[in-house]
Amino acid sequence: MNDDKIKKYFLGKLNQAENSTFEEEFALDETLFEQAQMVESELIEQFLRRNLSASELDAFEKNYLITEERRKKVALAQNFLDVFKTEKTSEKQGFRQALAAYFQFSKALAMGGLAVLLFGIGFIFWLNSNTEKDFAELKTTNSDDSKITENRNEMEISNQNSTNETPQTSPSPNENINIKPSPTPAPKTDVSPKTQEQSKPVFATFTLLPGSLRSNGEQSIRLNPDTITVNLKLSLPEDSPKYQTYNATIKTADGETIATFQNLKSPNFNLPADKLSAQTYIIFLEGKTNENPAESISEYTFRVNRQKK
Amino acid sequence: MTKNSKQPTESLQNLLNLLGTDSLEAANAYNRLRSSLVRFFILKGDGEAEEATDETLDRVLQKISDETKIADLQKYCFGVARFIFLERIKRSKKETEAVKEFYENDLLEKNAEENDSFSFLRECFNELPKAERQFLQRYFADIPYSELDKQRLEITVEQGISLNSLRLKIFRLRKRLNECLKNKLE
Numbered sequence: 001m002n003d004d005k006i007k008k009y010f011l012g013k014l015n016q017a018e019n020s021t022f023e024e025e026f027a028l029d030e031t032l033f034e035q036a037q038m039v040e041s042e043l044i045e046q047f048l049r050r051n052l053s054a055s056e057l058d059a060f061e062k063n064y065l066i067t068e069e070r071r072k073k074v075a076l077a078q079n080f081l082d083v084f085k086t087e088k089t090s091e092k093q094g095f096r097q098a099l100a101a102y103f104q105f106s107k108a109l110a111m112g113g114l115a116v117l118l119f120g121i122g123f124i125f126w127l128n129s130n131t132e133k134d135f136a137e138l139k140t141t142n143s144d145d146s147k148i149t150e151n152r153n154e155m156e157i158s159n160q161n162s163t164n165e166t167p168q169t170s171p172s173p174n175e176n177i178n179i180k181p182s183p184t185p186a187p188k189t190d191v192s193p194k195t196q197e198q199s200k201p202v203f204a205t206f207t208l209l210p211g212s213l214r215s216n217g218e219q220s221i222r223l224n225p226d227t228i229t230v231n232l233k234l235s236l237p238e239d240s241p242k243y244q245t246y247n248a249t250i251k252t253a254d255g256e257t258i259a260t261f262q263n264l265k266s267p268n269f270n271l272p273a274d275k276l277s278a279q280t281y282i283i284f285l286e287g288k289t290n291e292n293p294a295e296s297i298s299e300y301t302f303r304v305n306r307q308k309k
Numbered sequence: 310m311t312k313n314s315k316q317p318t319e320s321l322q323n324l325l326n327l328l329g330t331d332s333l334e335a336a337n338a339y340n341r342l343r344s345s346l347v348r349f350f351i352l353k354g355d356g357e358a359e360e361a362t363d364e365t366l367d368r369v370l371q372k373i374s375d376e377t378k379i380a381d382l383q384k385y386c387f388g389v390a391r392f393i394f395l396e397r398i399k400r401s402k403k404e405t406e407a408v409k410e411f412y413e414n415d416l417l418e419k420n421a422e423e424n425d426s427f428s429f430l431r432e433c434f435n436e437l438p439k440a441e442r443q444f445l446q447r448y449f450a451d452i453p454y455s456e457l458d459k460q461r462l463e464i465t466v467e468q469g470i471s472l473n474s475l476r477l478k479i480f481r482l483r484k485r486l487n488e489c490l491k492n493k494l495e
């Protein structure tokens with residue numbers, strides 16, 4: 001069966017007779033049914049990657065997104081694609097962490113080696129301290145010792161470098177924004193989601209880092225006028241314990257509450273883009289465990305910039 | 310045979326008689342019919358495909374007990390299923406309203422569930438063998454679609470498989486991830 005026809009079915013572009021025949025044929029045949037599901041998931045991916053033509057997008061909204069289940073599928077597919085955005089970075093981090101661990105191990109190995117060597121030197125010295133020949137041997141060994149010490153210093157430097165390379169601030173920074181708080185004032189960062197390149201973006205996903213970053217350069221997000229839904233993912237501070245649920249409150253800098261989210265299972269949520277105007281916002285994040293009441297985790301300050309049409 | 314069915318046994322027997330001459334053949338035909346109806350509702354995007362199928366079969370049994378003449382049972386069942394689907398969709402929100410809500414307030418209410426999905430999906434992804442993770446990452450790389458198409462073609466060449474086989478492989482991997490997610494959400 002032609003994939004194009006399947007796509008037309010999901011976009012509601014088949015006539016009634018074709019539609020009925022299609023449904024019966026595909027429901028009766030397991031292989032065709034699997035093909036239809038495959039094309040359906042690809043269609044959703046095209047929608048999320050903004051790769052549908054204007055008429056297809058229109059048809060998708062009018063004829064595909066008509067049931068709760070299908071809307072859930074789209075939301076799930078968005079999460080699925082987001083996993084790859086974040087996993088790409090964590091794989092890199094994993095490599096860096098492995099590198100750091102390697103140097104940590106090498107350092108321990110060198111330190112251990114040095115200890116064994118020093119013990120050996122002492123032992124040899126104790127055995128042969130009376131002979132000049134043996135003393136000469138000891139001098140040779142001592143020069144080896146200094147070489148090892150030099151090597152150890154090199155390893156320490158390597159280790160430091162690899163640690164410095166490891167992102168400290170975000171466990172899963174999203175490529176779309178990639179804002180890092182820095183101990184030195186950072187230039188103002190203004191990040192746009194990929195959506196702005198496209199004609200009709202729908203979702204815009206941002207990862208926010210904890211802290212009030214005004215002094216370090218404010219983190220900001222840029223919204224395209226066509227953006228309808230904003231997905232905000234809050235990176236937890238590195239030392240944050242694990243909570244069962246999270247509460248988030250978004251306020252303007254003047255203290256006006258824009259939205260509150262209770263009992264989130266993870267610190268990310270969606271917000272209609274029209275709730276955000278061009279100003280500074282602060283998100284207050286709290287965490288709760290079954291045993292303890294809500295406690296403050298961090299604040300996230302960010303500025304919204306709106307792109308003009 | 311249907312959940313919560315209140316139909317008299319007689320009409321069920323009549324349905325089975327329409328499906329096959331001996332009881333085993335009829336039972337198999339019934340199961341095939343039921344599975345087809347479930348797939349029909351999944352295609353339609355009904356989140357409770359099993360429930361909708363039960364509703365359809367109950368309605369068909371009702372018609373049989375009313376002694377309605379049914380020439381082609383399979384076609385008749387799909388016809389009833391279409392009708393049931395329309396009823397179910399009307400019972401939920403009006404379509405245009407629902408789409409609007411999908412973009413707006415509705416999303417706020419669903420946040421908890423979606424957030425769970427994201428975290429669990431990541432867990433499921435990380436539970437996959439490394440080769441499969443890398444394979445998925447490459448297939449769904451966050452790059453422009455035109456480049457992605459090229460990259461996917463490269464994968465087919467490297468793996469010596471057709472594009473259709475690659476798509477199916479990916480689809481089945483995603484299905485596994487979805488099943489893992491479903492288990493974690495339960």
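Chains as they are written, first to last, in this note's numbering: chain A, 1 to 309; chain B, 310 to 495. Here a beta-carbon is modelled for each residue, glycine too, at the ideal position from N, C-alpha and C.
Taking one beta carbon from each stretch, the stretch 17-28 of chain A and the stretch 53-64 of chain A have fewer than 3 pairs nearer than 8 Å; the two do not touch. One thing to note: residue 361(B) has its Cβ within 8 Å of the Cβ of residue 393(B). Burial check for residue 463(B): the Cβ neighbour count within 10 Å stays below 16, so the residue is exposed. Counting C-beta pairs with one atom in each stretch, the stretch 224-231 of chain A and the stretch 239-250 of chain A have fewer than three that are closer than 8 Å, which means they do not touch. Beyond the five residues adjoining it in sequence on each side, residue 476(B) comes within less than 7 Å, by CB distance, of no other residue in the same chain.
Where residue 473(B) is concerned, the enclosing alpha helix (DSSP H) starts and stops at 472-494. When only Cα atoms are considered, residue 28(A) and residue 260(A) end up about 47 Å apart.
If you ignore the 5 residues before and after residue 355(B), its C-beta comes within less than 7 Å of the C-beta of 361, 394, 397, all in its own chain and listed in chain order.
Counting along the chain, the unbroken beta strand (DSSP E) around residue 232(A) starts and ends at 229-234.
Within 10 angstroms of the beta-carbon of residue 454(B) lie fewer than 16 other beta-carbons, which makes it exposed.
The continuous alpha helix (DSSP H) containing residue 397(B) extends over residues 382-400.
Around residue 15(A), no beta-carbon contact reaches into chain B at under 7 Å, the shortest distance being about 15 Å. Around residue 387(B), the beta-carbon contacts reaching into chain A at under 8 Å are 20, 23, 24, 27. Exposed is the label assigned to residue 469(B), since fewer than 16 other Cβ atoms lie within 10 Å of its Cβ. Under the three-state reduction of DSSP output, residue 303(A) falls in the strand class. The beta carbon of residue 425(B) sits closer than 7 Å to the beta carbons of 494 from its chain, once the five residues preceding and following it are set aside; these are given in chain order. Contact annotation for residue 398(B) against chain A: 66, 67 [CB-CB distance below 8 Å, chain order]. Judged by DSSP in its simplified three-state form, residue 343(B) adopts helix. The DSSP assignment places no complete alpha helix (DSSP H) segment of no fewer than 4 residues inside the stretch 236-264 of chain A. Under the three-state reduction of DSSP, residue 378(B) is assigned to coil, being neither helix nor strand.
Between residue 46(A) and residue 6(A), the beta carbon gap of about 13 Å keeps them out of contact (Cβ cut-off 8 Å). For residue 454(B), the neighbours in chain A by C-beta distance under 7 Å run, in chain order, 49, 51. Cβ proximity to chain A below 9 Å picks out 349, 350, 351, 352, 353, 354, 355, 356, 357, 358 from the stretch 349-363 of chain B. Among the residues of chain B, those whose CB is under 8 Å from the CB of residue 36(A) are 352, following chain order. Look at residue 220(A): its C-beta is not under 8 Å from any C-beta on chain B. Here the alpha carbons of residue 351(B) and residue 461(B) stand approximately 28 Å from one another. Contact with chain B is absent for residue 2(A), since none of that chain's Cβ atoms lies less than 8 Å from the residue's Cβ.
Sequence-distant partners of residue 251(A) (beyond 5 residues in either direction) whose C-beta falls short of 6 Å from its own C-beta, in its chain, are 257, 282. The beta carbons of residue 480(B) and residue 41(A) sit about 6 Å from each other, so the pair counts as a contact at 8 Å.
Of 329(B), 366(B), 327(B), the smallest CA-CA separation from residue 343(B) is found for 366(B).
Residues 393 of the same chain have their beta carbon placed closer than 7 Å to that of residue 364(B), with the five preceding and five following residues left out of the count. Residue range 318-328 is occupied by the alpha helix (DSSP H) that includes residue 325(B). If the five residues before and after residue 278(A) are omitted, its C-beta is found closer than 7 Å to the C-beta atoms of 304, 305, 306, all from its own chain and listed in chain order. Here the alpha carbons of residue 341(B) and residue 448(B) stand approximately 35 Å from one another.
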